[in-house]
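If you're matching positions, the sequence shown starts at 1 in full-length UniProt numbering and goes up one per residue.
Backbone N, C-alpha and C fix where the C-beta goes; we use that ideal spot for every residue, glycine too.
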Amino acid sequence: MTLNINIARDSSRDGIVRSVCPFDCPDTCGLHITIENGEVKKVTGDPLHPVTKGAICNKVRQLPDRVHHPDRLLHPMRRVGPKGTLDFEPITWEEAYDEIIGRMQQLIRDFGAQSILPYSFYGNMGVLNAEGMDRRFFHRLGATKLDRTICNVAGATGYKYTMGGSVGIDPEATVHTKLFLLWGCNLVSTNMHQTMLATEARKHGAIIVHIDVHRNRTSTWADEFVHLRPGTDGALAMGLMHILIRDELVDESFLQEFTIGYEELKQEAQLYTPQYVSEITSVPPERIEWLARLYGTTTPSFIRIGNGLQHHDNGGMIVRAISCLPALTGQWKHPGGGAMKGNGWYSRINNDRLERPDLLPDPDVRTVNMNQLGDVLTRLEPPVRMLFVYNSNPAIVAPDQLKVREGLLREDLFTITHDLFLTDTCKYADLVLPATSHLENLDLYTSYWHLYLQIGEPVLAPAGLSKSNFTLFKELALRMGFERELFDLTEEEMIAEALDAELNPLLEGITVEALREHGWMKAGGGRELPLKERIPTPSGKIELYSDAMLKNGLTPVPTYTPILEETDFPFLLITGPNHSYINSTFGNQSKLQKLEKAPFLNMNEQDAGSLGLLDGDHVLVRNNRGEAKLTLRIGQDVLPGVLVTQGLWWDDAEKGRSSVNALTPQRLADMGGGATFFSNRVEVLKI
Ligand SMILES: Nc1nc2c(c(=O)[nH]1)N[C@H]1C(S)=C(S)[C@@H](COP(=O)(O)OP(=O)(O)OC[C@H]3O[C@@H](n4cnc5c(=O)[nH]c(N)nc54)[C@H](O)[C@@H]3O)O[C@H]1N2
Ligand SMILES: Nc1nc2c(c(=O)[nH]1)N[C@H]1C(S)=C(S)[C@@H](COP(=O)(O)OP(=O)(O)OC[C@H]3O[C@@H](n4cnc5c(=O)[nH]c(N)nc54)[C@H](O)[C@@H]3O)O[C@H]1N2
Ligand code: SF4
Ligand SMILES: [Mo]
Numbered sequence: 001m002t003l004n005i006n007i008a009r010d011s012s013r014d015g016i017v018r019s020v021c022p023f024d025c026p027d028t029c030g031l032h033i034t035i036e037n038g039e040v041k042k043v044t045g046d047p048l049h050p051v052t053k054g055a056i057c058n059k060v061r062q063l064p065d066r067v068h069h070p071d072r073l074l075h076p077m078r079r080v081g082p083k084g085t086l087d088f089e090p091i092t093w094e095e096a097y098d099e100i101i102g103r104m105q106q107l108i109r110d111f112g113a114q115s116i117l118p119y120s121f122y123g124n125m126g127v128l129n130a131e132g133m134d135r136r137f138f139h140r141l142g143a144t145k146l147d148r149t150i151c152n153v154a155g156a157t158g159y160k161y162t163m164g165g166s167v168g169i170d171p172e173a174t175v176h177t178k179l180f181l182l183w184g185c186n187l188v189s190t191n192m193h194q195t196m197l198a199t200e201a202r203k204h205g206a207i208i209v210h211i212d213v214h215r216n217r218t219s220t221w222a223d224e225f226v227h228l229r230p231g232t233d234g235a236l237a238m239g240l241m242h243i244l245i246r247d248e249l250v251d252e253s254f255l256q257e258f259t260i261g262y263e264e265l266k267q268e269a270q271l272y273t274p275q276y277v278s279e280i281t282s283v284p285p286e287r288i289e290w291l292a293r294l295y296g297t298t299t300p301s302f303i304r305i306g307n308g309l310q311h312h313d314n315g316g317m318i319v320r321a322i323s324c325l326p327a328l329t330g331q332w333k334h335p336g337g338g339a340m341k342g343n344g345w346y347s348r349i350n351n352d353r354l355e356r357p358d359l360l361p362d363p364d365v366r367t368v369n370m371n372q373l374g375d376v377l378t379r380l381e382p383p384v385r386m387l388f389v390y391n392s393n394p395a396i397v398a399p400d401q402l403k404v405r406e407g408l409l410r411e412d413l414f415t416i417t418h419d420l421f422l423t424d425t426c427k428y429a430d431l432v433l434p435a436t437s438h439l440e441n442l443d444l445y446t447s448y449w450h451l452y453l454q455i456g457e458p459v460l461a462p463a464g465l466s467k468s469n470f471t472l473f474k475e476l477a478l479r480m481g482f483e484r485e486l487f488d489l490t491e492e493e494m495i496a497e498a499l500d501a502e503l504n505p506l507l508e509g510i511t512v513e514a515l516r517e518h519g520w521m522k523a524g525g526g527r528e529l530p531l532k533e534r535i536p537t538p539s540g541k542i543e544l545y546s547d548a549m550l551k552n553g554l555t556p557v558p559t560y561t562p563i564l565e566e567t568d569f570p571f572l573l574i575t576g577p578n579h580s581y582i583n584s585t586f587g588n589q590s591k592l593q594k595l596e597k598a599p600f601l602n603m604n605e606q607d608a609g610s611l612g613l614l615d616g617d618h619v620l621v622r623n624n625r626g627e628a629k630l631t632l633r634i635g636q637d638v639l640p641g642v643l644v645t646q647g648l649w650w651d652d653a654e655k656g657r658s659s660v661n662a663l664t665p666q667r668l669a670d671m672g673g674g675a676t677f678f679s680n681r682v683e684v685l686k687i
């Protein structure tokens with residue numbers, strides 16, 4: 001059967017229109033979209049947006065290729081062949097809805113709604129499409145809850161113990177910063193507008209230090225590079241504190257006024273002599289002394305805490321320790337001084353009103369951790385029988401991939417995927433549903449880095465029969481017979497529910513209409529908040545000692561905890577994101593693939609020498625979970641015993657390529673149930 005799909009272009013919106021970048025990137029850029037004959041010709045940065053300033057990354061300059069890609073899904077499809085074979089037939093939305101509703105109702109009758117599991121993340125960051133109508137639908141249904149832990153939860157939890165929430169400094173203030181510590185953050189690839197702000201500060205004498213396990217684009221751009229062993233950053237932070245205290249470089253009056261627990265922290269820091277820290281981190285003692293003195297004598301200083309730190313077993317404690325540093329030298333009181341891990345606190349919306357967890361028929365319904373999808377699909381009792389995937393590509397991005405795929409292959413699991421493309425996850429789906437791109441729907445965007453809220457209008461007609469997440473879950477809810485007053489809403493109505501100035505006074509005056517008029521609006525209206533109002537901890541002070549940590553069975557002062565030695569495989573493997581994709585998004589665009597060339601494995605020349613390996617060799621990286629084939633790059637970019645590969649590549653059967661997540665563990669980090677992608681031991685064999 002074939003379906004006739006009208007792909008006539010709607011040229012009524014031709015011209016240059018304003019939009020927002022929807023991808024999971026801190027910068028949340030304002031965009032200008034050039035449309036001709038209903039087709040996107042060009043995407044550029046909005047020159048007037050105060051943070052974007054007309055510049056965007058090369059990935060999103062390729063957005064026209066993504067939006068009009070010949071592989072865009074244009075109609076729903078049903079599986080007709082075996083799972084994993086991409087054998088689908090087109091169906092209508094009527095048929096798709098009938099099948100979904102029929103199966104959901106049957107499952108609820110036979111096994112209860114907890115047999116259904118939504119699986120989503122932030123493939124689209126729009127509030128309505130990522131955490132709006134979808135969440136409300138699954139709450140009302142009573143489905144198993146998903147703990148969305150794959151990205152930044154360990155570090156966010158560690159940071160929250162110190163500072164009370166995702167509250168750092170306004171990045172726009174970093175033009176005043178004199179010292180940047182980019183700590184476990186590949187800024188040049190993952191937060192380019194912070195690079196622009198730091199470059200501005202550098203013109204006025206700022207020094208930029210990159211602290212990483214991998215000498216990469218950011219190290220080359222920075223002024224100084226501190227190379228350390230993976231997962232040892234907690235020890236380095238403690239060592240810096242040790243020296244700051246020893247050399248009386250701390251700000252006693254700030255500590256008195258704004259913190260609690262300095263005496264307890266002081267005791268803990270005593271242990272961390274430069275010699276001891278050097279043994280743990282591999283950073284020479286003189287280099288630790290140098291860094292501590294630089295940090296203790298430069299004001300204002302700013303620490304950009306990256307995601308690389310928290311994808312370890314001890315990621316929560318690492319970020320907890322680093323987040324205490326700026327308080328020691330009183331940085332928070334200077335414009336451009338302090339730290340930033342995430343800034344979601346400023347533009348926080350009313351998630352409860354949007355997602356309605358109160359609708360859950362059974363408030364105690366089970367919750368599963370998204371990092372353990374492999375175990376959830378293969379071992380959980382009673383089993384998950386329907387998996388509904390949207391805004392995510394778990395067959396590539398989730399750890400312990402072979403387990404995930406074993407689960408996805410289960411004949412008694414009914415899998416629905418909603419995406420723009422036939423991703424590797426769709427290969428295992430029973431029903432594939434086409435999703436609109438963000439240019440085809442309305443949404444509200446907040447940033448987890450800068451402080452602006454923005455609205456993105458539909459500027460294109462939906463591709464084929466594609467539907468937004470909002471529309472999909474709204475229509476499903478209405479067909480399920482759920483309450484019209486909860487689900488028969490417009491996007492504008494739902495955005496109005498989210499923008500709750502009573503919950504968050506910084507949203508005062510920010511409405512759909514005002515956003516439409518201005519394009520973007522800054523939380524708090526650009527007013528500088530007094531420091532005391534920016535410390536939402538239980539004590540109202542920066543907590544160097546945390547009662548909450550003690551209650552949760554954690555050491556209440558910052559400390560160093562090592563990563564686990566799960567096996568004795570000789571190498572620690574870091575599998576980070578790459579420059580040209582966003583997670584697995586953009587991994588199917590040939591221009592961007594060409595720029596990345598191939599998945600490489602960086603190895604130290606000493607290790608290569610002792611294994612008899614040469615640059616360009618094809619190697620098999622393996623452990624007890626799985627294996628991946630990579631191309632060797634030998635040099636000094638990683639320390640001996642450490643390996644780094646970048647990018648979440650799509651499967652390529654021809655090249656025998658499977659993603660690196662075949663190697664990574666489902667183990668959870670020390671805080672928040674976070675992922676441990678980077679605490680991963682492997683061996684390397686020549687092919
Ligand atoms: N181009 C591009 N941009 C992106 C993304 C992308 O895939 N591509 N993804 C987006 C998303 S979802 C996120 S969460 C962010 C992530 O962006 P970042 O916050 O930059 O995090 P990562 O790139 O995961 O890791 C940052 C750095 O940490 C290093 N690292 C790993 N382990 C350690 C360690 O133990 N100690 C130290 N000091 N460094 C370590 C890595 O080598 C890497 O250089 O970027 C977002 N932006
Ligand atoms: N080994 C390793 N694994 C990692 C990481 C790592 O550094 N190393 N990083 C982790 C991190 S930080 C993160 S955040 C996760 C990210 O993991 P995911 O959130 O799964 O990110 P993507 O791979 O970008 O997949 C997003 C999917 O959503 C689809 N999509 C986009 N817009 C829409 C829409 O409007 N509707 C629907 N239905 N679909 C849409 C996209 O086409 C894409 O297929 O990966 C994690 N996995
Ligand atoms: S991916 Fe990041 S840097 Fe690139 S356009 Fe989007 S928000 Fe801006
Ligand atoms: Mo992420």
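Could you tell me the alpha carbon to alpha carbon distance between residue i and residue j, rounded to whole angstroms?
i      : j      : result
Ile16  : Leu499 : 28 Å
Arg140 : Gly509 : 31 Å
Met671 : Pro538 : 18 Å
Met163 : Ile535 : 6 Å
Asp14  : Val167 : 40 Å
Asn623 : Glu683 : 6 Å
Tyr262 : Tyr545 : 7 Å
Ala662 : Leu380 : 20 Å
Lys333 : Gly306 : 22 Å
Leu3   : Leu465 : With a pLDDT of 47 at Leu3, under the threshold of 50, the modelled position of that residue is not reliable, and the figure given next carries that caveat. Taking the straight line from one Cα to the other gives about 10 Å.
Tyr122 : Phe23  : 7 Å
Val226 : Leu359 : 50 Å
Asn124 : Asn391 : 6 Å
Met1   : Glu513 : For Met1, the predicted model reports a pLDDT of 40, less than 50, meaning its position is unreliable and no value from the coordinates is stated.
Ala669 : Leu187 : 23 Å
Thr299 : Pro285 : 23 Å
Quick one: what's residue i bridged to in DSSP?
i      : result
Glu627 : Arg622
His418 : Tyr390 and Leu433
Gly681 : Strictly speaking, residue 681 in this sequence is Arg, with Gly absent from that position. Leu572, per the DSSP bridge assignment.
His311 : DSSP output for His311 lists no bridge partner at all.
Arg304 : Leu182 and Met340
Thr645 : Thr575
Tyr445 : Gln454
Val153 : Note: Val153 sits in no beta bridge, so no partner.
Met77  : Pro90 and Val432
Using the rule of at least 16 other Cβ atoms within 10 Å of the residue's Cβ for burial, across every protein chain shown, is residue i buried or exposed?
i      : result
Asn314 : buried
Leu550 : exposed
Arg484 : exposed
Thr220 : exposed
Ile396 : buried
Gln270 : exposed
Ile7   : Bear in mind that a pLDDT of 48 at Ile7, under 50, signals an unreliable position, so the number given afterwards is only what the model happens to contain. The residue in question, Ile7, is exposed, as its Cβ has fewer than 16 Cβ neighbours within 10 Å.
Glu257 : exposed
Report the option in the options whose CA atom is closest to the CA atom of residue i.
i      : options                          : result
Pro76  : Val40, Leu422, Gln646 and Phe569 : Leu422
Glu268 : Cys324, Pro230 and Arg217        : Cys324
Leu515 : Asp652, Leu572 and Tyr445        : Tyr445
Glu36  : Glu172, Leu460 and Leu420        : Leu460
Gly330 : Ser253, Arg78, Lys597 and Cys25  : Ser253
Asp65  : Gly45, Val40 and Thr34           : Val40
Within the 8 Å Cβ cut-off, does residue i reach chain B?
i      : result
Ala501 : Included in the structure is just one protein chain, with no chain B present.
(request) Counting only runs of 3+ residues fully inside the segment 87-137, write out the beta strand (DSSP E) ranges in chain order. (result) 88-90 and 116-120, all fully within the segment 87-137.
(message) For a minimum of 3 consecutive residues, which ranges assigned as the beta strand (DSSP E) are wholly contained in the segment 326-393?
(response) DSSP runs (the beta strand (DSSP E)) wholly in the segment 326-393: 338-340, 367-369 and 386-390.
(request) Pick out the complete alpha helix (DSSP H) segments inside the segment 212-272, 4 residues or longer, and give them in chain order. (result) Listed in chain order, the complete alpha helix (DSSP H) runs (minimum 4 residues) inside the segment 212-272 are 217-221, 233-246, 252-258 and 262-270.
(message) Quick check on the DSSP output: what are the complete alpha helix (DSSP H) runs of length 4 or more inside the segment 555-585, in order along the chain?
(response) Segments of the alpha helix (DSSP H) lying fully in the segment 555-585: there are none.
(request) Please specify which runs of the alpha helix (DSSP H), each continuous and at least 4 residues long, are wholly inside the segment 586-620, giving them in chain order. (result) Qualifying alpha helix (DSSP H) stretches, in chain order: 590-596 and 605-611.
(request) List in chain order: all unbroken beta strand (DSSP E) runs of 3+ residues lying wholly within the segment 460-541. (result) Those beta strand (DSSP E) runs which fall completely within the segment 460-541 and span 3+ residues are 520-522.
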